[in-house]
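*Asks:*
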Amino acid sequence: MVRGRKIRVFSGAISAETNVFSPITTDMASFESHLFVRAGTLDFDGEAAWPLPLEGFRQSCRRNGWQMVQGLCVGAEPAGPVPQDVYERLRDGLLADLAAALPVNIVALCLHGAMIASDCDDCEGDILRRVRAMVGPDVLVGAVLDPHAHLSDAMIDNATALVFFKEYPHTDVRESAVELIELLGACLAGKARPQASVFDCRMIAFYFTDSEPMLGFVKAMRRWEARPGILSVSLVHGFPWGDTPAMGTKMLVYSDAQPELGARCARELGSALFELRGRTMPELSSIAAVVSELTAARTGTGPVVLADVADNPGGGAPGDATFLMRALIERGVEGVACGPFWDPLAVRNAFALGEGARGFMRIGGKGSPFSGVPLDLDVTVERLVPAAHQVIDGWAWPMGDTALLRAGGTAFVVTTERLQCINTDIFTVVGLAPERQDVIVVKSAQHFVAAYAPFAVAIRYVDSPGALFLGADPDRYRHLTRPKWPFDEQPFGAAPAGDVLRSTI
124 MVRGRKIRVF SGAISAETNV FSPITTDMAS FESHLFVRAG TLDFDGEAAW
174 PLPLEGFRQS CRRNGWQMVQ GLCVGAEPAG PVPQDVYERL RDGLLADLAA
224 ALPVNIVALC LHGAMIASDC DDCEGDILRR VRAMVGPDVL VGAVLDPHAH
274 LSDAMIDNAT ALVFFKEYPH TDVRESAVEL IELLGACLAG KARPQASVFD
324 CRMIAFYFTD SEPMLGFVKA MRRWEARPGI LSVSLVHGFP WGDTPAMGTK
374 MLVYSDAQPE LGARCARELG SALFELRGRT MPELSSIAAV VSELTAARTG
424 TGPVVLADVA DNPGGGAPGD ATFLMRALIE RGVEGVACGP FWDPLAVRNA
474 FALGEGARGF MRIGGKGSPF SGVPLDLDVT VERLVPAAHQ VIDGWAWPMG
524 DTALLRAGGT AFVVTTERLQ CINTDIFTVV GLAPERQDVI VVKSAQHFVA
574 AYAPFAVAIR YVDSPGALFL GADPDRYRHL TRPKWPFDEQ PFGAAPAGDV
624 LRSTI
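Positions 124 to 628 (this note's numbering) are the ones given, in order, by the sequence shown.
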């Protein structure tokens with residue numbers, strides 16, 4: 124590994140996950156209210172946390188004694204397409220920061236991988252292409268990305284290496300950033316020549332890596348990475364609500380200039396994953412089933428956690444759907460706490476009433492046709508917290524003004540900022556102890572698990588008519604490349620899954 128301050132690393136981030144079916148536009152305010160850090164404003168030598176994965180970049184640069192130049196770092200909660208002018212302002216801002224930092228040895232970026240603008244369906248490919256054109260062929264260019272991404276030719280062709288998080292929930296963000304920097308450092312020292320091999324699994328699915336069979340699959344990926352000649356292995360899950368030709372599941376392998384070995388790794392892992400189709404995520408329970416379970420006699424201590432997956436803001440849903448909560452209230456299920464529930468109007472009314480006040484309030488059902496009918500409830504305003512935060516790995520993510528509203532045996536944590544539930548701050552910030560509730564409803568799909576599993580008596584993933592419906596419907600796509608499972612039962616035809624899509628250096 125090359126050491127010393129003479130090595131200059133430029134880092135920055137533009138991260139947005141685009142759900143083309145979402146009714147919510149990802150405008151500039153979406154970035155400004157979520158994550159917007161201008162160049163040079165994060166303290167490289169200080170102790171304050173940086174947002175992940177830049178914190179991983181910083182740790183590696185510190186350890187190697189390298190100079191790190193921090194450029195624009197922005198991110199938005201998942202939603203609909205980014206207006207083209209907004210995307211270009213952010214992209215050009217990052218490129219301007221890079222131009223000002225030159226010369227550099229390494230460019231290390233945090234990109235999501237599923238960002239779509241109104242006139243660009245491959246924002247990450249566009250960014251990497253422009254970075255490569257600016258720095259030339261000899262500078263090392265890499266990115267760490269979310270696996271819910273669309274892996275395009277432009278991304279591969281213009282990057283020295285791409286590293287995607289392996290875990291879902293994403294518990295390895297910092298480690299993935301470190302992996303990227305260490306790999307680029309090995310390239311800088313002449314100890315590695317990454318060559319990409321890609322296998323198209325021709326499928327659309329979800330891969331929950333905290334349970335089998337994906338738990339074992341990730342271990343198999345790591346075993347391959349431990350073999351001589353294999354530098355990095357990534358499973359690109361794909362993002363089903365992004366309508367692009369590159370959408371779908373792919374295996375990405377970087378060999379050390381050994382294309383046959385890399386192709387073999389990508390093919391074996393990709394073929395094995397295809398055989399697991401239909402078994403890579405927990406079964407969804409119907410609203411009727413979970414409500415019946417909760418109204419029956421229960422044994423054991425601790426809350427039952429219900430994940431309202433179809434209304435997960437982390438996938439671009441509004442976060443204000445009422446289907447599940449209405450069923451629980453109508454069936455008289457007590458001891459329920461729900462959050463985060465996005466309803467800026469209800470929060471504004473709660474702040475106008477003040478803590479301890481009581482009144483009728485209309486909650487939820489406002490964001491989209493997939494939000495359901497609003498809940499008209501007699502509520503007590505129990506707690507008001509201006510500018511609340513959910514703190515993740517030391518970095519505070521805004522909830523906005525937040526209210527705890529109680530209607531009988533049901534508590535709502537209502538926010539002005541749209542966000543998914545990742546840790547227990549969603550409830551503790553307003554004084555609720557989640558482990559003491561009977562039922563917790565989280566607006567999330569999977570990222571909550573690490574924080575809630577230690578005290579939950581059970582976790583149920585609930586199917587509902589929310590914005591992130593999972594039904595196979597190929598007619599909603601305009602740009603999807605076919606064949607793909609589950610739309611096509613045998614996307615490889617009669618032959619076994621086998622051909623590596625590309626192997627490039």
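Even glycine gets a Cβ: it sits at the ideal position worked out from N, Cα and C.
Among His235, Asp166 and Gln569, which one has its Cα closest to the Cα of His64?
*Replies:* There is simply no residue 64 to check, as the chain begins at 124 and stops at 628 in what is shown.
*Asks:* When the Cα atoms are used, what is the spatial distance from Tyr584 to Lys489?
*Replies:* Spanning the two alpha carbons is a distance of roughly 23 Å.
*Asks:* Taking the continuous beta strand (DSSP E) assigned at Pro521, which residues delimit it?
*Replies:* Here the beta strand (DSSP E) through Pro521 covers Trp518 to Ala530.
*Asks:* Alpha carbon to alpha carbon, how far is Thr445 from Ser494?
*Replies:* Their backbone Cα atoms lie some 6 Å apart in a straight line.
*Asks:* By how many angstroms is the C-alpha of His512 removed from the C-alpha of Asp261?
*Replies:* Taking the straight line from one Cα to the other gives about 42 Å.
*Asks:* Select from Pro204, Thr551, Lys566 and Leu311 the residue whose C-alpha is nearest the C-alpha of Phe144.
*Replies:* Here the closest residue by C-alpha is Pro204.
*Asks:* Would you verify that the beta carbon of Gln207 is, or is not, closer than 7 Å to some beta carbon of chain D?
*Replies:* No chain D is part of this structure, which consists of one protein chain only.
*Asks:* Does the contact criterion of 3 or more C-beta pairs under 8 Å hold for the segment 361 to 376 versus the segment 299 to 313?
*Replies:* Judged by Cβ distances under 8 Å, the segment 361 to 376 makes no contact with the segment 299 to 313, as fewer than three pairs qualify.
*Asks:* With DSSP collapsed to three states, give me the class of His293.
*Replies:* The answer is coil: DSSP assigns His293 none of H, G, I, E or B.
*Asks:* Starting from Tyr575, trace the alpha helix (DSSP H) both ways and give me its first and last residue.
*Replies:* Its alpha helix (DSSP H) spans residues Val572 to Tyr575.
*Asks:* Sort Pro363, Arg252 and Met191 by Cα distance to Leu603 and report the nearest one.
*Replies:* Nearest of Pro363, Arg252 and Met191 to Leu603, Cα basis: Pro363.
*Asks:* Would Val537 be called buried (16 or more neighbouring beta carbons within 10 Å of its own) or exposed?
*Replies:* So Val537 counts as buried.
*Asks:* Quick check: the Cα distance between Pro176 and Asp516, rounded to an integer number of angstroms?
*Replies:* Going by the C-alpha atoms only, they are around 10 Å apart.
*Asks:* Please go through the same chain and pick out, in chain order, the residues whose beta-carbon is closer than 7 Å to the beta-carbon of Gly437, but skip the five residues on each side of it.
*Replies:* For Gly437, where only same-chain residues beyond five positions count, the Cβ hits under 7 Å are Pro201, Gln543, Ser567, Ala568 and His570.
*Asks:* Mapping the DSSP letters down to three states, classify Trp608 as helix, strand or coil.
*Replies:* Trp608: strand per DSSP, three-state reduction.
*Asks:* Work out the CA separation of Val565 and Leu429 for me, nearest whole Å.
*Replies:* Each residue's alpha carbon lies about 6 Å from the other.
*Asks:* From Ala469 to Glu505, what distance separates their C-alpha atoms?
*Replies:* Between Ala469 and Glu505, the C-alpha separation is close to 14 Å.
*Asks:* Which residues share a DSSP beta bridge with Asp323?
*Replies:* In the DSSP output, where bridge partners are listed per residue, Asp323 has Lys373.
*Asks:* Just to confirm before moving on: does the CB-CB distance between Trp465 and Arg541 stay below 7 Å?
*Replies:* In this structure, Arg541 lies closer than 7 Å to Trp465 by Cβ.
*Asks:* CB-CB under 6 Å to Arg131, same chain, minus the five flanking residues each way: which ones, in chain order?
*Replies:* If we look at Arg131 and ignore the five residues flanking it on each side, its Cβ neighbours are Gln190, Val227 and Asn228.
*Asks:* Note the first and the last residue of the continuous alpha helix (DSSP H) segment covering Ala240.
*Replies:* No alpha helix (DSSP H) holds Ala240; DSSP gives it neither H nor E.
*Asks:* From the DSSP output, in three-state form, read off Met404 for me.
*Replies:* Residue state, collapsed to three classes: coil.
*Asks:* What are the start and end residues of the alpha helix (DSSP H) that includes Val205?
*Replies:* That residue, Val205, is in no alpha helix (DSSP H); it is neither H nor E in DSSP.
*Asks:* Does DSSP put Gln613 in a helix, in a strand, or in coil?
*Replies:* Coil.
*Asks:* On a CA-only basis, which of Cys233, Val553 and His293 is nearest Ser134? Give me that one, please.
*Replies:* Of Cys233, Val553 and His293, the residue nearest in Cα terms is Cys233.
*Asks:* Just to confirm my understanding: we take Glu302, look at its own chain, exclude 5 residues before and 5 after, and list those with CB closer than 6 Å. What are they?
*Replies:* Closer than 6 Å at the Cβ level, and outside the excluded window around Glu302, lie Val286.
*Asks:* Determine the contact status of Val502 and Leu528, defining contact as a CB-CB distance below 7 Å.
*Replies:* Going by C-beta atoms, Val502 is nearer than 7 Å to Leu528.
*Asks:* Can you tell me which residues form a DSSP beta bridge with Val562?
*Replies:* Val562 is bridged to Val427 and Val459.
*Asks:* Where DSSP assigns a beta bridge to Leu500, which residues make up the other side?
*Replies:* In DSSP, Leu500 forms a bridge with Met484.
*Asks:* Decide if Gly265 is buried, meaning its Cβ has at least 16 other Cβ atoms within 10 Å, or exposed.
*Replies:* The residue in question, Gly265, is buried, as its Cβ has 16 or more Cβ neighbours within 10 Å.
*Asks:* Whose C-alpha, out of Pro577, Leu218, Asp499 and Pro405, is nearest the C-alpha of Ile137?
*Replies:* It is Leu218.
*Asks:* I'd like the list of long-range same chain contacts for Gly352, defined as Cβ closer than 6 Å, with 5 residues on each side in sequence excluded.
*Replies:* Excluding residues within five positions, the ones whose Cβ falls inside 6 Å are Ser378, Asp379, Gln381 and Leu384.
*Asks:* Using the three-state DSSP reduction, which class does Pro557 fall into: helix, strand or coil?
*Replies:* Looking at Pro557 - three-state DSSP - the assignment turns out to be helix.
*Asks:* Are the beta-carbon atoms of Val356 and Val376 separated by less than 7 Å?
*Replies:* Yes. Within cutoff.
*Asks:* Sorted by chain position, which residues of the same chain lie with C-beta nearer than 6 Å to Trp347's C-beta, five sequence neighbours on each side aside?
*Replies:* Ile353, Val356 and Cys388, listed in sequence order.
*Asks:* His293 to Asp548, Cα distance in whole Å?
*Replies:* About 18 Å.
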